[in-house]
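**Q**
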Amino acid sequence: MGPSGSGKSTLLNIMGTLDRPTSGEVFFQGKPLSKMKETDRLRAEQIGFIFQSFLLLPTLSAVQNVQVPMFEGTLPASERQKKAVELLDLVNMQHRANHRPNHLSVGERQRVAIARALANDPVLVLADEPTGNLDSNTGEAILNLFDRLHQERGLTLVVVTHSNEVAERAERVIRISDGHLVEDRRVHRDPVTYSIPLPTMADGLDAAEQQKIIADLAGSSYSPDQLLRKSVVSRHILHLEQLQHPTGPAERVDTWFVAYGNLDDISDKQFLEELMESSSGEDEVGEEGHTLTPEELAARGIDFNEADAEHEGYANGSYRLIKKVEVQGTLHSYWSRTPDSIVIAGQLDPRFNDDKEFPNVWRAMDRAPTGQLELGPAHPYEGTGFYLKITRMEEPEGALFVEAHMVLSEPQAWFDGANLLGAKLPAVVQNRVRATRREFLRASQ
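Mapping to full-length UniProt numbering: the sequence shown position 325 is 325, numbers consecutive.
1. Can you tell me which of the three DSSP states Asp366 falls into?
2. Do the CB positions of Arg96 and Pro58 come within less than 9 angstroms of each other?
3. Nearest-angstrom Cα distance between Lys82 and Val91?
4. Using only CA atoms, which one of Gln67, Gly383, Gly48 lies nearest to Met15?
5. For Gln210, would you say it is in contact with chain D, using Cβ-to-Cβ distances shorter than 9 angstroms as the test?
6. Do Val173 and Ala127 have their beta-carbon atoms positioned less than 9 angstroms apart in this structure?
7. Could you give the DSSP three-state label for Ser4: helix, strand or coil?
8. When the distance is taken between beta carbons, is Gly132 closer than 9 angstroms to Gly7?
9. Could you tell me how far apart the beta carbons of Thr39 and Thr10 are, in whole angstroms, since I believe they sit closer than 8 angstroms?
10. Would you report the Cα separation of Gly398 and Leu217, rounded to the nearest angstrom?
11. Output needed for Glu72: all residues of its chain with C-beta closer than 7 angstroms, excluding positions within five of it in sequence on either side, in chain order.
12. Using the C-alpha atoms, what's the distance from Thr293 back to Asp110?
13. Touch check for the stretch 327-336 and the stretch 349-362: three-plus C-beta pairs under 8 angstroms?
14. Which one or two residues does DSSP pair with Asp184 in a beta bridge?
15. How would you call Thr436, buried or exposed, if buried means at least 16 neighbouring beta carbons within 10 angstroms?
16. Under 6 angstroms Cβ to Cβ from Met70, same chain only, skipping five residues before and after it: list those, please.
17. Report yes or no: do three or more beta-carbon pairs, one from the stretch 378-398 and one from the stretch 198-217, lie closer than 8 angstroms?
18. So what does Lys389 bridge to, in DSSP terms?
19. Would you check if the distance between the CB atom of Val66 and the CB atom of Leu88 is smaller than 9 angstroms?
20. Within the stretch 82-166, note down every full alpha helix (DSSP H) run reaching 4 residues or more, in order along the chain.
21. Counting only runs that start and end within the stretch 203-238, where is the alpha helix (DSSP H) found for 4 or more residues in a row?
22. Could you tell me which of His405, Asn98, Pro396 sits nearest to residue 450, measuring between CA atoms?
23. Name the residue from Gly30, Ala298, Leu198, Val429 whose alpha carbon lies nearest to the alpha carbon of Val233.
24. What are the start and end residues of the alpha helix (DSSP H) that includes Asn65?
25. Looking at the unbroken beta strand (DSSP E) that takes in Leu373, where does it start and where does it end?
26. Does DSSP put Thr291 in a helix, a strand or coil?
27. In this structure, how does DSSP classify Asp283 when only helix, strand and coil are distinguished?
28. If we ignore side chains and look at the alpha-carbon of each, how far apart do Gly24 and Leu143 end up?
29. Mapping the DSSP letters down to three states, classify Gln430 as helix, strand or coil.
30. For Pro197, does the count of other Cβ atoms within 10 angstroms reach 16, so buried, or fall short, so exposed?
31. Does the Cβ of Leu373 have 16 or more other Cβ atoms within 10 Å, making it buried, or fewer, making it exposed?
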């Protein structure tokens, strides 16, 4: 933000590699632009532009205008056409695909310009006064579209505006005057919330009440004995449900199974921490985690002492999902026990969403031609929490009823909208269930 002549457009041109700074360095995804040989290719493939005056070619239809950035690529004509139609559908303009700009309203032209900016799947879109020529209703619709693209695709948008109302829709506001930075602040957002069900098996139930819960879970698919069998590979119950939220979809995962061990032997903090680590496969764990110290927490305004450490903690770590996505975040975890049960709960702490050292972010994973793992740019991530309850059963002897309930936020950009997580989760959960059973048996020996 800033008044006319403050340097907004110049800054946008520098960010888009159209201009070079008089001094200093510009970094793109951690790499200095001055050392990149092919900034033209970078600009064409990873940066999208949205102009206040749209700059659509008047002799081309909407679908042809969207294809223009693709002409330098390798896509055949049929694929370009297909992709352009899909992008117009994304911005609700498929029904106007064959109309030229002079037959489109101002708002429709802006939507076509947005679709064109997305043609080469950029990671960054630069928008110069995108609502400046629009009425309030059309401008609001464009901003809603920007919100959706950011949440569903993980797209980063840098928007130049004079409007305070537009600025407050952003996650970060930078104000400049006469070429100088005069303000840089984060905009407060209410945390994403999802509901997780109450425990299926409460404390204090007698044997008959516990067995009824087992029978209800088994239903007509299994017999109760299949769930109660003392084996690492005995049956477990898994329920998956896709949840909807204004900021994007999420997956709710509910798991129930029976393990064997002594509840008194698995109640110390060290074992519970080892249990959480061992239940993840080798391919699922990212870099080694870091437990935040009271000093690090105090620097962030979080009061924490040795007494708190007996039942809660903060740890920053990373976790890899089906070799496609790495989530890094700061987990605020809690644990408690009664004579009948142990509960472990945790959530990504929203106070770390914008933390510079321990942020809540996700990155796409890929393999370089050399086979080396590469991580893409960081995108904000929130909306994940869980709890695990282990309840002592009256019978069979040594039986423990284990239930895990989790909500995992799933941005559409993770898998291009495919429900890949839901398809892969059953195998992941099965491996965790078996690993947990082994740990219980080991601890009780």
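Heads up, the beta-carbon is just placed ideally off N, CA and C, and yes, glycines get one too. Note that the structure is a prediction, hence the values are computed from the model and not measured.
**A** Quick answer:
1. strand
2. no
3. 15 angstroms
4. Gly48
5. Here there is only one protein chain, and chain D is not present.
6. no
7. coil
8. no
9. About 17 angstroms; that fails the 8 angstroms criterion.
10. 20 angstroms
11. Ala44
12. Note on residue identity: the sequence assigns Gln, not Asp, to residue 110. If you take the alpha carbons of Gln110 and Thr293, they lie about 49 angstroms apart.
13. yes
14. Ile174
15. buried
16. Arg80, Ala119
17. yes
18. Val343, Glu403
19. yes
20. 106-117, 136-153
21. 207-218, 224-228
22. Here the chain comprises residues numbered 1 to 445, so residue 450 is not present and cannot be evaluated.
23. Val429
24. 62-67
25. 373-375
26. strand
27. Confidence at Asp283 is low in this model, with a pLDDT of 46, below 50, so the placement of that residue should be treated as unreliable; the coordinate-derived value is given next. Here Asp283 sits in helix by DSSP.
28. 32 angstroms
29. helix
30. exposed
31. exposed
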